[in-house]
Structures are given as structure tokens and as C-alpha cells.
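Asks:
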DNA sequence: CAACAATATATCGTTGTACGATAGATGTCA
DNA sequence: TGACATCTATCGTACAACGATATATTGTTG
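Chains as they are written, first to last, in our numbering: chain A, 1 to 117; chain B, 118 to 234.
#1: Tell me which residues share the same chain as residue 71(A) and place their Cβ nearer than 7 angstroms to its Cβ, disregarding the 5 neighbours each side in the sequence.
#2: Check whether the Cβ atoms of residue 202(B) and residue 180(B) lie closer than 9 angstroms to each other.
#3: Assuming the contact rule is C-beta atoms closer than 8 angstroms, residue 128(A) and residue 81(A) should be a hit. Round their C-beta distance to whole Å, please.
#4: What does DSSP give as the partner residues of residue 96(A) in its beta bridges?
#5: Can you tell me the Cα-Cα spacing of residue 150(B) and residue 158(B), whole angstroms?
#6: Identify whether residue 231(B) lies in helix, strand or coil by the three-state DSSP scheme.
#7: Assuming residue 34(A) is part of the alpha helix (DSSP H), what are its boundary residues?
#8: Whose C-beta lies closer than 6 angstroms to the C-beta of residue 163(B) among residues of the same chain, with five residues either side of it excluded?
#9: Please tell me whether residue 54(A) has its Cβ less than 9 angstroms away from any Cβ of chain B.
#10: Could you compute how far the alpha carbon of residue 109(A) sits from the alpha carbon of residue 141(B)?
#11: Which residues does DSSP list as the beta-bridge partners of residue 77(A)?
#12: DSSP three-state label for residue 118(B), please.
#13: From residue 174(B) to residue 31(A), what distance separates their C-alpha atoms?
#14: Would a C-beta distance cut-off of 9 angstroms place residue 89(A) and residue 231(B) closer than the cut-off?
#15: Just tell me which of 43(A), 39(A), 66(A) has its CA closest to the CA of residue 52(A).
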């Protein structure tokens with residue numbers, strides 16, 4: 001029941017995370033995954049089977065654009081933000097802040113009401 | 118595409134909100150919905166078709182327990198936290214904090230890297 | 001050199017939650 | 001009486017995240 005909580009938590013905020021990574025500069029899937037997992041520690045285990053469809057979705061939405069790189073032996077698909085993607089980060093970050101504020105508004109009195117342990 | 122973001126955001130954190138409301142005392146569905154919507158403003162539009170299955174799920178999990186009240190003309194199903202429910206709020210609240218900290222860790226440098234507008 | 005781990009992208013079926021629509025019942029107020 | 005708010009509930013749909021699996025290349029180690 002608790003793994004479920006962790007898993008469902010990421011719905012909707014995962015794309016914001018990926019866009020955030022790309023705000024630091026162009027990047028490709030495998031490294032994006034590493035970066036998110038590094039920051040997320042045991043909280044966020046971003047799967048490849050989640051990330052790649054997510055990237056395709058963001059590209060279809062026009063938030064990012066891609067380019068294959070065959071110069072090295074191992075081919076990589078680089079992604080970078082579009083102007084729309086940058087706008088999207090800003091609006092979604094604002095929404096995220098408002099959303100967490102709502103939760104905090106419910107959570108703070110709740111924890112205070114709970115017996116000390 | 119932005120409504121999707123709002124909708125998907127709630128996945129996984131909605132049950133924590135409902136549990137939080139119940140931490141302030143026993144309550145019934147309709148009022149729980151009102152409370153969450155009041156706090157949520159335009160961010161959180163909790164639907165009845167979402168809430169009632171959610172309550173049933175929490176009860177099946179043993180986090181809450183219910184009791185019908187027929188004393189008034191309009192019948193109401195009152196819910197209250199169980200001991201397991203109180204534990205669950207504490208653990209999920211801690212997870213929530215850690216999760217939002219992760220997002221913030223990605224978001225802050227991202228917003229700093231973005232052109233001023 | 002062979003075996004194995006890491007790098008790199010991708011697809012597929014399953015699961016589960018939130019939504020909107022719908023239903024049905026009671027109470028209040030004009 | 002008719003409209004509206006209260007109150008609980010179910011059903012089909014949409015869709016994101018998961019785990020498994022596939023495939024291919026590069027690096028490491030016995």
C-alpha cells in the first residue's frame with residue numbers, strides 16, 4: 001500500500017522534473033534518467049519504460065525537440081527545450097507551488113491534531 | 118494539456134488530503150469534499166465520483182472506519198481515522214515532504230537557468 | 001577471448017486512479 | 001409545486017507509470 005503511494009505520487013510531476021533537467025542544458029535519455037534518480041534517491045526510481053514514452057510525449061506536445069547523434073559509436077538522441085517548453089516549466093512550476101501549498105494547508109493542522117505518537 | 122497536469126497532480130496525494138481532513142475529527146463524504154475544495158480553490162476540484170471510491174478504498178485498507186447515521190432525515194456515513202490511519206498520515210506526510218524536496222532540488226536550478234522571460 | 005556489466009533507446013501489456021456522467025433519494029425555500 | 005442543495009453511489013473511459021522484454025554497442029575483467 002505504501003509502494004503504491006510512492007508510485008502514484010509521481011503522476012503529473014514527472015514531466016516537470018524532466019523539463020527541469022533539460023533547463024540546465026540539452027541532454028539525452030539515459031543521462032536524464034540518471035540525474036533524476038540521483039536527486040530522487042530512494043524516493044524516485046524513474047524507469048526507462050517510463051522515461052522514453054514521456055520524452056516522446058513532451059516532443060509531440062512541442063515542449064522539447066530531439067536530434068540524433070551518431071558521431072560517437074553509441075548513438076544518442078539529444079533533447080532540448082523549445083520556447084514552449086520554457087513557458088511550460090514556468091507555468092507548471094507555479095501550479096506545483098500552489099498545489100503543495102494547498103496540501104500543506106491541510107497537512108499542518110492535521111499533524112498538529114494527531115496525538116504526539 | 119494543462120488540465121491534464123492539474124488532474125494528474127492529485128494522484129497519490131489525494132488520499133493524504135482526505136486523511137488529513139479526518140485528522141481534525143470524524144466527518145462525512147459531502148463535507149470532506151467541501152473542505153478539500155475550499156482549501157484547494159481552483160487547484161483541486163475533488164469530484165464525488167473520485168471521493169466515494171477513495172473512501173471505500175481507505176476503509177478497505179483499514180485506515181478509516183465508517184458508521185451510518187440515520188438520526189437526521191438525511192442519512193450520512195460518518196468516517197473516522199483508525200490507529201493505522203493515524204500512522205499512515207505520519208508516514209505519508211514524511212514521504213510527501215521528501216518528495217517535494219526532490220522536486221524543489223530539480224526545480225530551483227532550472228528556474229534560475231531559464232531566461233528571465 | 002569470452003563473459004559480463006554498463007550504456008542507450010524503445011515497445012508492450014497490466015494496473016490503478018481520477019474523471020465525467022448518471023442515478024436516486026431527501027430536505028428546504030419560494 | 002418546482003427548483004435547488006444535500007448526500008451517497010456506481011460505471012465506463014482515459015491515461016500515466018510500471019515491469020518485462022528486446023536489441024545493439026562499448027567497456028571491463030578473469
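Built from N, CA and C at the ideal position, the CB exists for glycine as well.
Values in this document were obtained by computation on a predicted structure and should not be read as measured data.
Replies: This is what the structure holds:
#1: Taking the first residue of the first chain as position 1, residue 71(A) is located at position 71. Counting only Cβ-Cβ distances below 7 angstroms, and skipping sequence neighbours, we find nothing.
#2: Taking the first residue of the second chain as 1, we reach residue 202(B) at position 85. Taking the first residue of the second chain as 1, we reach residue 180(B) at position 63. Cβ distance < 9 angstroms, so residue 202(B) and residue 180(B) count as in contact.
#3: With chain A covering 1 to 117 only, the question about residue 128(A) has no answer from this structure.
#4: For the purposes of this step, residue 96(A) is identified with residue 96 of the first chain, where counting begins at 1. DSSP lists no partner for residue 96(A).
#5: The residue labelled residue 150(B) in the question sits at position 33 within the second chain. The residue labelled residue 158(B) in the question sits at position 41 within the second chain. One C-alpha to the other measures close to 12 angstroms.
#6: If you number the second chain from 1, residue 231(B) lands on position 114. In this structure, residue 231(B) counts as coil in the three-state DSSP scheme.
#7: On the first chain, residue 34(A) is found 34 positions in, with the first residue counted as 1. First-last of the alpha helix (DSSP H) with residue 34(A): 29-40.
#8: As a first step, residue 163(B) is located in the second chain; it is residue number 46 there, counting from the start. Non-local beta-carbon contacts of residue 163(B) in its own chain, meaning distances under 6 angstroms to residues more than five positions away in sequence, involve 150, 153, 154 in chain order.
#9: Along the first chain, read from residue 1 onward, the residue named residue 54(A) stands at position 54. Closer than 9 angstroms: no.
#10: Along the first chain, one-based indexing puts residue 109(A) at 109. Along the second chain, one-based indexing puts residue 141(B) at 24. One C-alpha to the other measures close to 7 angstroms.
#11: Counting from 1 along the first chain, the entry for residue 77(A) is found at position 77. Beta-bridge pairing links residue 77(A) to 68(A).
#12: What you label residue 118(B) is simply residue 1 of the second chain in a count that begins at 1. Reliability fails at residue 118(B), whose pLDDT of 45 lies under 50, so the model's placement of it is uncertain and the value that follows must be treated cautiously. DSSP places residue 118(B) in coil when its eight states are reduced to three.
#13: Along the second chain, read from residue 1 onward, the residue named residue 174(B) stands at position 57. Along the first chain, read from residue 1 onward, the residue named residue 31(A) stands at position 31. When rounded, the distance between both Cα atoms is 38 angstroms.
#14: The count along the first chain starts at 1 and reaches residue 89(A) at position 89. The count along the second chain starts at 1 and reaches residue 231(B) at position 114. Yes. Within cutoff.
#15: On the first chain, residue 52(A) is found 52 positions in, with the first residue counted as 1. Checked all of 43(A), 39(A), 66(A); the closest Cα to residue 52(A) is 66(A).
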